[in-house]
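Residue numbers (this note's numbering), protein chains in the order written: chain G, 91 to 295; chain F, 91 to 295. We put the CB at the ideal spot given by N, CA and C, even for glycine.
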DNA sequence: TGGCATTTACATTCATGTATGTATGCGTGT
DNA sequence: ACACGCATACATACATGAATGTAAATGCCA
């Protein structure tokens with residue numbers, strides 16, 4: 091029964107993307123066919139090929155519905171929301187990214203990106219993450235540099251080292267949590283670890 | 091020209107595994123066929139099917155040639171090599187794991203495991219890493235608990251939090267480094283970050 | 001009625017597994 | 001020592017299934 095209204099067509103597009111999230115998450119990207127996705131959404135492959143050029147196109151459309159955590163951090167830092175200083179800016183941006191990640195769709199999509207896919211056509215998530223990571227590291231580094239210049243950092247920690255410590259802790263927490271989201275709360279346990287790190291490297295008054 | 095000596099047969103087996111590392115690393119696991127691997131080793135699929143049951147079997151044989159970093163850490167900690175205390179045991183075990191990871195084969199295989207594969211038949215690397223991670227976390231936690239009991243940890247840091255901090259930093263460093271091994275030295279930069287973390291949480295005399 | 005959304009049908013490609021072919025090393029008997 | 005026979009270490013050929021992309025058919029809203 092083809093040809094619904096324009097709004098219904100848009101709804102099936104979203105349903106297809108929802109189905110893609112489900113099946114990708116369960117079976118991995120390369121092992122799921124477009125047939126699987128279509129059937130899971132109650133459609134046939136024809137619907138998929140009408141809305142998307144191919145599997146890679148669908149995959150990227152799925153990615154476009156969420157924001158990368160590192161991109162979120164970059165944006166938050168450059169926006170400097172409610173900053174009481176560069177260290178607090180970094181800390182709040184990190185916690186904000188954790189909150190965003192715990193939203194169901196974000197969690198699903200990023201789990202797929204991290205643990206359920208290797209390559210998709212000629213564009214690979216590793217390169218994408220690589221650029222994001224180095225961009226983010228640079229923004230964080232500038233922030234720590236500013237904190238250092240303002241005398242907010244303890245002497246033992248150089249801005250570069252602080253950057254690596256924070257960045258790796260964020261990456262490790264996200265990576266571990268996405269592998270088993272039920273094993274701990276990213277916002278609570280992860281947030282506490284981040285808080286402790288900032289507590290340790292902040293110069294005490 | 092079939093039937094080489096037993097030693098030569100073993101050599102082709104190793105050559106096939108070497109080829110698998112190369113091609114998996116370049117194209118990802120799911121996108122490489124056994125034909126690709128065989129051709130890259132100068133053989134045909136017949137050789138592959140002689141030495142291995144199928145792709146999954148070959149993949150696991152490839153994994154068996156290296157040791158998991160987290161397993162290395164677990165072994166080092168339980169062996170307590172040259173320990174001057176629980177904190178130093180943890181620190182040295184971590185640095186040792188970093189050293190092991192920088193060996194070419196280890197680097198290649200773990201890059202494949204982290205960034206070039208999603209599922210292989212019915213056994214998936216995520217589950218494998220998951221069990222290793224929780225085992226390792228438990229061993230590390232006991233070590234930090236002992237350090238706490240001996241008064242080696244500063245008061246602000248509970249053993250559980252220290253465990254999460256160390257574990258996530260290790261995971262993040264390894265993850266980031268494997269994504270771009272040339273961008274920094276795991277042993278040097280990563281080691282410095284780890285050293286700094288232990289410096290920060292150790293009670294000063 | 002015409003163009004939009006979707007299904008159905010079809011051709012092609014590709015990886016896999018298996019079956020078969022084949023030449024060689026190696027043990028065995030004498 | 002030497003020929004014989006077999007198991008070994010591969011290569012080749014083939015059958016199968018699965019996924020992809022596309023073209024034609026179909027129904028429905030406007």
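Legend entry - Contacts around residue 139 of chain G, its chain only, beta-carbon distance under 8 Å, and the 5 residues preceding and following it disregarded: 124
Inset, instruction - For chain G, find out if any of its Cβ atoms is closer than 8 Å to the Cβ of residue 226 of chain F; answer yes or no. - result: no
Inset, instruction - Kindly indicate which three-state DSSP category residue 167 of chain F falls into: helix, strand or coil? - result: helix
Inset, instruction - Look at the alpha carbon of residue 117 of chain G and the alpha carbon of residue 217 of chain F, and state the distance between them as a whole number of angstroms. - result: 13 Å
Inset, instruction - Excluding the 5 residues preceding and the 5 following residue 162 of chain F in the sequence, name in chain order all residues of the same chain whose CB lies nearer than 6 Å to its CB. - result: 187 and 190
Inset, instruction - Report the rounded CA-to-CA distance for residue 153 of chain G versus residue 257 of chain F, giving the unit in angstroms. - result: 28 Å
Inset, instruction - State the start and end residues of the unbroken alpha helix (DSSP H) segment that holds residue 193 of chain F. - result: That residue, residue 193 of chain F, is in no alpha helix (DSSP H); it is neither H nor E in DSSP.
Inset, instruction - Could you check which residue in G:268, G:286, G:287 and G:131 has the C-alpha nearest to that of residue 201 of chain G? - result: G:268
Inset, instruction - Name, please, each residue of chain G whose Cβ falls closer than 8 Å to the Cβ of residue 205 of chain F. - result: 208 and 216
Inset, instruction - On the DSSP bridge assignment, give the partners of residue 213 of chain F in chain order. - result: F:210
Legend entry - Min CB distance residue 120 of chain G to chain F below 8 Å: yes
Inset, instruction - Taking residue 284 of chain F and residue 259 of chain F to be in contact with their CB atoms under 8 Å, please state how far apart those CB atoms are, rounded to whole angstroms. - result: 7 Å
Legend entry - Neighbour-count burial assignment, residue 289 of chain F, 16 or more Cβ in a 10 Å radius: exposed
Inset, instruction - In angstroms with no decimal places, state the Cα-to-Cα distance between residue 150 of chain F and residue 158 of chain F. - result: 13 Å
Legend entry - 8 Å Cβ shell around residue 168 of chain F - same chain, five flanking residues per side excluded: 229
Inset, instruction - Kindly indicate if chain F contains any beta-carbon less than 8 Å away from that of residue 272 of chain G. - result: no
Inset, instruction - Give the single residue among F:130, F:173, F:177 and F:144 whose Cα lies nearest to the Cα of residue 253 of chain F. - result: F:177
Inset, instruction - Measure from the alpha carbon of residue 275 of chain G to the alpha carbon of each residue in G:142, G:193 and G:121, then state which is nearest. - result: G:193
Legend entry - Same chain, Cβ closer than 7 Å to residue 238 of chain F, five either side skipped, listed in chain order: 249
Legend entry - Close beta carbons around residue 203 of chain G, own chain, < 6 Å, minus the five adjacent residues each side: 215
Legend entry - Backbone CA spacing between residue 346 of chain G and residue 205 of chain G [nearest angstrom]: Residue 346 of chain G is absent from the model: chain G starts at 91 and stops at 295.
Legend entry - chain G within 8 Å of residue 152 of chain F, Cβ atoms only: no
Inset, instruction - Compare the C-beta of residue 220 of chain F against all C-beta atoms of chain G and say whether one is closer than 8 Å. - result: yes
Inset, instruction - Using a threshold of 8 Å, state whether the C-beta atoms of residue 160 of chain F and residue 226 of chain F are closer than that. - result: yes
Legend entry - Sequence-distant residues of its chain with Cβ nearer than 7 Å to residue 102 of chain G (five each side left out): 133 and 137
Inset, instruction - Report the residue ranges of all alpha helix (DSSP H) runs contained in full by the segment 97-162 of chain F; include only those spanning at least 4 residues, in chain order. - result: 124-130, 135-141 and 145-153
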